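> Residue numbers (our numbering), protein chains in the order written: chain A, 1 to 291; chain B, 1 to 291; chain C, 1 to 291.
We put the CB at the ideal spot given by N, CA and C, even for glycine.
Note that this is a predicted model, so its numbers are computed, not measured.
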Amino acid sequence: MRNLLSMEHLTNDEIMLILERAAGFEAGEISNLPRSYNVANLFFEPSTRTKTSFEMAERKIGCTVIPFDAGFSSALKGETMYDTVKTLEMIGMDAVVIRAKEDEYYNELLEGINVAVINAGDGAGQHPSQSLLDLYTIYKEFGSFEGLNVTIVGDISHSRVAKSNATSLKKLGVNVRFLCPPEWAGNFEAHHSWDELLEDSDVVMLLRIQHERHVINKSFSKESYHEQYGLTFEREARMKEGAIIMHPAPVNRDVEIVSELVECERSRIFDQVRNGVFVRMAILETILKER
Amino acid sequence: MRNLLSMEHLTNDEIMLILERAAGFEAGEISNLPRSYNVANLFFEPSTRTKTSFEMAERKIGCTVIPFDAGFSSALKGETMYDTVKTLEMIGMDAVVIRAKEDEYYNELLEGINVAVINAGDGAGQHPSQSLLDLYTIYKEFGSFEGLNVTIVGDISHSRVAKSNATSLKKLGVNVRFLCPPEWAGNFEAHHSWDELLEDSDVVMLLRIQHERHVINKSFSKESYHEQYGLTFEREARMKEGAIIMHPAPVNRDVEIVSELVECERSRIFDQVRNGVFVRMAILETILKER
Amino acid sequence: MRNLLSMEHLTNDEIMLILERAAGFEAGEISNLPRSYNVANLFFEPSTRTKTSFEMAERKIGCTVIPFDAGFSSALKGETMYDTVKTLEMIGMDAVVIRAKEDEYYNELLEGINVAVINAGDGAGQHPSQSLLDLYTIYKEFGSFEGLNVTIVGDISHSRVAKSNATSLKKLGVNVRFLCPPEWAGNFEAHHSWDELLEDSDVVMLLRIQHERHVINKSFSKESYHEQYGLTFEREARMKEGAIIMHPAPVNRDVEIVSELVECERSRIFDQVRNGVFVRMAILETILKER
């Protein structure tokens, strides 16, 4: 694996190798990379968990992390993504982790760039390391994917998590269902009521309502979203035994889910964060060891 | 010691242990922590000396410091302090150092959080690591606290340094006096003239006039503050032998103190900065070794 | 060498020692510094390549790099450069690398400061590490400086690269010529047409058109600049055998140079970036080993 740009590029075998390696790291295995690699994290959008998780994963596999302040870089002077990444390559990076506002920003990096590129989120496109940590969380819970019912709830059309996960879960044999207001379905075939989905879901995967993308407006309040699509106490009680709740976070408490349920027994929301470090160690090691 | 949130939580014995350990570090002792701990510094307000001092102290005791850009984090998306800190805990932090605008922001971290929390300043509340370095500076100078006269000068009511120091200096037997314009006294009993305080002060502790909190206005200029409450050449000359000048910095030169006196013989202003690193090493080691 | 502030302070011998040491590092030599030094990078203006290059160079010679966020520091509270740098000295820095908006900001650091200061760009003043990497790039190419024709093209009067390079190239025996619109010549004697300069140039050194300094306006468009002063296919074809193209970057593609020529055979634009790391390792080692 040379880069990680989109879940669509990964075979099931490649996915499973990363999940198994993440499990190894969680069990205490250490990295077998032959040397220390240089990595920079280019985050052009605010992020706490993804950036910090990569920072930790990089150090745990022995990388040297070179700070890059995207909000104070030459990108402000209009430098192209190609020129920024090529510059970092010449400075000696082995890999760059990038989050950017533009969908598929990485297309301009496919030719002429020798540094490895790991996509940490592209606009409303993909978010493959989040998808892999979601898959790892499900895999740890159920031991396999075949035949599971996973319900993804929220702004499907704008969510890179929804897109990345839908792609890969289906390939792995999961029965993926979407639940959202009609105007947020985009090209996906979606349900608009919990009733058909709640009792047989093995995983309820809530998506963040992105205020910053202005998807909630006067005609559709937080309260009415919560009432129709939020995970309430009443709905949680109806979930089947062993079913789990996931959310990529940050959570809007009392919007996507009742605040008190964020750390309930079914919730894997903070476990996902913990799993993310092991998964990112596996991603980085897989890519760096081929260099 | 599990956290460091407020000087009010520390006994005199705990304070003295930290000061003795800081003295050990200054004398060249090295940390005896059993492993490398992961730490993140969350500074939601601008800071040079406190943040940089912690960054240095953390490295000197062998910590791995994971960068956290507060101005570009999910806090911008409205994430609660609890969720931010819990996320960092799941990513693998052992301790977080936090400066935030809200008084006692740490109250929401008292339950459910397992990572150690070190308060590096909460609004107009406390600033315990600054207080401990001030105590260390006095302790190095005089060898004890009992019976010293310490005069704290400035915006007492809004200063976290004044509050933290008043609490702990009194507990240690110091005679603490306040000097400020009547409107800045808050709940403290304060003097309004240097005359009763100058000649017998062992320590004159100047506070920063916080322009950014808008405490100086048209009716009260920098010049008139300097004239009435600033440390002028004339006042410095009247200070008793062996008395010292302190200031948490950054200094407004020619407001709290004449610029030329900032590095005069009596001044410990830059020594305080140096002492801060040893004190923060002691704080971090004390907290981390209990984990 | 105690500091690196301006190319005007360096003798030819000092320059050559740095270039030779850079060549050593490029050939795989490692640093012979006796210990790990503490360094902070204070960038008060946006930068990708200079800051990242220093960050890499510092790590490669074994420094501990203490993060400093200039956009979130006490400088925002009006702290002087002297007080900021003195504070970092007391915290334990051995050297600080500074980029600032003010010309010759370093004059206030000449007395009372014991930490080494490396100027990474002062306003419209100097940029000595860039100049040294440019010299190294030329030296690698031609083996010597004597008698070379170097043509510097662009906004000569505002460019710190032009100033730093003009100073040192002339001292080294280079025949330096300037090409720019008449209004950008400042105090330099400049040509205003490529015709006299193109065929005998060994080095064409393009400068960045600084939109952020508003030097292009309605009466002088990007297109007309490119037409009159840009490096077009036609001009590149007329350059003599072995002649090279340089640019400090970031490049405005299709303004200073046709986009497709940025990585042409003659171009050393990305090599310059790579060379910068070796040169900065040499600068840092030279300064730190005298401490």
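Would you check if the distance between the CB atom of residue 161 of chain B and the CB atom of residue 192 of chain B is smaller than 8 Å?
Taking the second sequence and counting its residues from 1, the one referred to as residue 161 of chain B is at position 161. Taking the second sequence and counting its residues from 1, the one referred to as residue 192 of chain B is at position 192. Cβ atoms of residue 161 of chain B and residue 192 of chain B: not closer than 8 Å.
> Looking only at DSSP bridge pairs, what is residue 99 of chain B linked to?
Numbered from its first residue, the second sequence carries residue 99 of chain B at position 99. For residue 99 of chain B, which the question treats as bridged, DSSP gives the partners B:43.
> Determine contact between the stretch 37-47 of chain A and the stretch 86-98 of chain A, defined as no fewer than three beta-carbon pairs at a distance below 8 Å.
yes
> Which residues, in order along the stretch 38-69 of chain B, keep a beta-carbon less than 9 Å from a beta-carbon of chain A?
38, 40, 64, 66, 67, 68 and 69
> Kindly list, in the order they appear in chain B, the residues whose Cβ is closer than 9 Å to that of residue 71 of chain A.
For this step, residue 71 of chain A is matched to residue 71 along the first sequence. Result: 69, 71 and 72.
> Out of C:10, C:23 and C:33, which has the shortest C-alpha to C-alpha gap to residue 289 of chain C?
Locating residue 289 of chain C in the third sequence gives position 289, counting from the first residue. Residue 289 of chain C has its Cα closest to that of C:33, out of C:10, C:23 and C:33.
> Please compile the residues from chain B whose C-beta is within a distance smaller than 7 Å of the C-beta of residue 274 of chain A.
Translated into positions along the first sequence, residue 274 of chain A becomes position 274. The contacting residues are 90.
> Listed from N- to C-terminal order along the chain, which residues in the stretch 245-260 of chain C have their beta-carbon within a distance smaller than 8 Å of any beta-carbon of chain A?
Going along the stretch 245-260 of chain C in chain order, one finds 249, 250, 251, 252 and 253 with a Cβ nearer than 8 Å to chain A.
> Quick check on residue 1 of chain A: does DSSP put it in helix, strand or coil?
Working through the first sequence from its first residue, we reach residue 1 of chain A at position 1. In this structure, residue 1 of chain A counts as coil in the three-state DSSP scheme.
> Provide the residue(s) that pair with residue 116 of chain C in DSSP beta bridges, ordered along the chain.
Locating residue 116 of chain C in the third sequence gives position 116, where the first residue counts as 1. C:95.
> Taking Cβ positions only, does residue 79 of chain A come closer than 8 Å to chain C?
Position 79 of the first sequence, counted from the start, is the residue given in the question as residue 79 of chain A. So yes, residue 79 of chain A belongs to the interface.
> Looking only at its chain, what residues have a beta carbon closer than 7 Å to the beta carbon of residue 47 of chain B, apart from the 5 residues adjacent to it on each side?
The residue labelled residue 47 of chain B in the question sits at position 47 within the second sequence. Cβ neighbours of residue 47 of chain B beyond the five flanking positions: 99.
> Is there contact here, the stretch 255-271 of chain A with the stretch 243-260 of chain B, by at least three beta-carbon pairs under 8 Å?
no
> Return yes when the C-beta of residue 191 of chain A is under 7 Å from any heavy atom of the ligand SAM, and no when it is not.
Looking for the ligand SAM in the displayed structure turns up nothing, as the structure carries no ligands at all.
> Is it the case that the Cβ atoms of residue 74 of chain B and residue 281 of chain B are separated by a distance below 8 Å?
Position 74 of the second sequence, counted from the start, is the residue given in the question as residue 74 of chain B. Position 281 of the second sequence, counted from the start, is the residue given in the question as residue 281 of chain B. Going by C-beta atoms, residue 74 of chain B is not nearer than 8 Å to residue 281 of chain B.
> Looking only at its own chain, which residues have a Cβ that is under 6 Å from the Cβ of residue 50 of chain B, when we skip the five neighbours before and after it?
Counting from one through the second sequence, the residue named residue 50 of chain B turns up at place 50. 120, listed in sequence order.
> Roughly how many whole angstroms lie between the Cα atoms of residue 214 of chain B and residue 158 of chain B?
As a first step, residue 214 of chain B is located in the second sequence; it is residue number 214 there, counting from the start. As a first step, residue 158 of chain B is located in the second sequence; it is residue number 158 there, counting from the start. Only weak support is given to the placement of residue 214 of chain B: the predicted model assigns it a pLDDT of 48, under 50, and the question is left unresolved by the model.
> For the beta strand (DSSP E) containing residue 246 of chain A, name the first residue and the last one.
Counting from one through the first sequence, the residue named residue 246 of chain A turns up at place 246. Here the beta strand (DSSP E) through residue 246 of chain A covers 244-246.
> Relative to the C-alpha of residue 45 of chain B, which residue among B:27, B:71 and B:145 is closest?
Here residue 45 of chain B corresponds to residue number 45 of the second sequence, with the count starting at 1. Of the listed residues, the one whose Cα sits closest to residue 45 of chain B is B:71.
> Once the 5 residues before and after residue 268 of chain A are set aside, which same chain residues still bring their CB inside 8 Å of it?
Start at 1 with the first residue of the first sequence, and residue 268 of chain A comes out as number 268. Once the five neighbours on either side are set aside, the close Cβ partners of residue 268 of chain A are 137, 141, 244, 245 and 246.
> Examine chain A for any beta-carbon lying closer than 8 Å to the beta-carbon of residue 277 of chain C, and answer yes or no.
For this step, residue 277 of chain C is matched to residue 277 along the third sequence. Closer than 8 Å to some Cβ of chain A, the Cβ of residue 277 of chain C qualifies, so yes.
> Quick one: is residue 134 of chain A near chain C, going by C-beta distance under 8 Å?
Looking up residue 134 of chain A in the first sequence gives position 134. False, the Cβ-Cβ gap to chain C never drops below 8 Å.
> My guess is that residue 132 of chain B and residue 18 of chain B are in contact by the Cβ rule of under 8 Å, so how many angstroms apart are they, rounded?
For this step, residue 132 of chain B is matched to residue 132 along the second sequence. For this step, residue 18 of chain B is matched to residue 18 along the second sequence. The Cβ separation is near 6 Å, so the contact holds.
> Looking only at its chain, what residues have a beta carbon closer than 8 Å to the beta carbon of residue 82 of chain B, apart from the 5 residues adjacent to it on each side?
For the purposes of this step, residue 82 of chain B is taken as the residue at position 82 of the second sequence. Excluding residues within five positions, the ones whose Cβ falls inside 8 Å are 108, 109, 112 and 113.
> Would you mind reading off the limits of the beta strand (DSSP E) that contains residue 205 of chain A?
As a working mapping, residue 205 of chain A is identified with position 205 in the first sequence. It spans 203-206 - the beta strand (DSSP E) in which residue 205 of chain A sits, taken as one unbroken run.
> What residue ranges within the stretch 142-185 of chain A form continuous beta strand (DSSP E) runs of no fewer than 3 residues, ordered along the chain?
149-153 and 175-179
> Measuring only the C-alpha atoms, how far is residue 62 of chain C from residue 117 of chain A?
Numbered from 1 along the third sequence, position 62 holds the residue referred to as residue 62 of chain C. Numbered from 1 along the first sequence, position 117 holds the residue referred to as residue 117 of chain A. For residue 62 of chain C and residue 117 of chain A, the distance between alpha carbons rounds to 27 Å.
> Leaving out the 5 sequence neighbours to the left and right, which residues in its chain are closer than 7 Å to residue 88 of chain A when beta-carbon positions are compared?
Residue numbering aside, residue 88 of chain A sits at position 88 when the first sequence is read from its first letter. Here residue 88 of chain A has 40, 96 and 115 as same chain residues with Cβ atoms under 7 Å from its own Cβ, once five neighbours each way along the sequence are excluded.
> Using CA coordinates, which residue listed in C:7, C:210, C:230 and C:208 is at the minimum distance from residue 104 of chain C?
As a first step, residue 104 of chain C must be located in the third sequence, where it is residue number 104. Nearest to residue 104 of chain C by C-alpha distance, out of C:7, C:210, C:230 and C:208, is C:7.
> Are the stretch 179-193 of chain A and the stretch 232-239 of chain A touching, with three or more C-beta to C-beta distances below 8 Å?
no
> For residue 121 of chain C, does the three-state DSSP call read helix, strand or coil?
Here residue 121 of chain C refers to the residue found at position 121 of the third sequence. Three-state result, residue 121 of chain C: strand.
> When burial is assigned at 16 or more other CB atoms within 10 Å of the CB, is residue 200 of chain A buried or exposed?
Taking the first sequence and counting its residues from 1, the one referred to as residue 200 of chain A is at position 200. It counts as exposed.
> Take the Cβ of residue 13 of chain A as the centre, count every other Cβ of all protein chains shown within 10 Å, and call the residue buried at 16 or more, exposed below.
If you number the first sequence from 1, residue 13 of chain A lands on position 13. Residue 13 of chain A is exposed by the Cβ-count criterion.
> Do you know offhand how far residue 229 of chain A's Cα is from residue 166 of chain A's?
By 1-based counting over the first sequence, the position of residue 229 of chain A is 229. By 1-based counting over the first sequence, the position of residue 166 of chain A is 166. Approximately 19 Å between the Cα atoms of the pair.
> Can you list, in chain order, the residues of its chain whose CB lies under 7 Å from that of residue 135 of chain B, leaving out five sequence neighbours each side?
To locate residue 135 of chain B, count along the second sequence from 1; it is residue 135. 15, 19 and 168.
> If we define contact as Cβ-Cβ less than 8 Å, is residue 83 of chain B a contact residue for chain A?
Taking the second sequence and counting its residues from 1, the one referred to as residue 83 of chain B is at position 83. True, the Cβ-Cβ gap to chain A drops below 8 Å.
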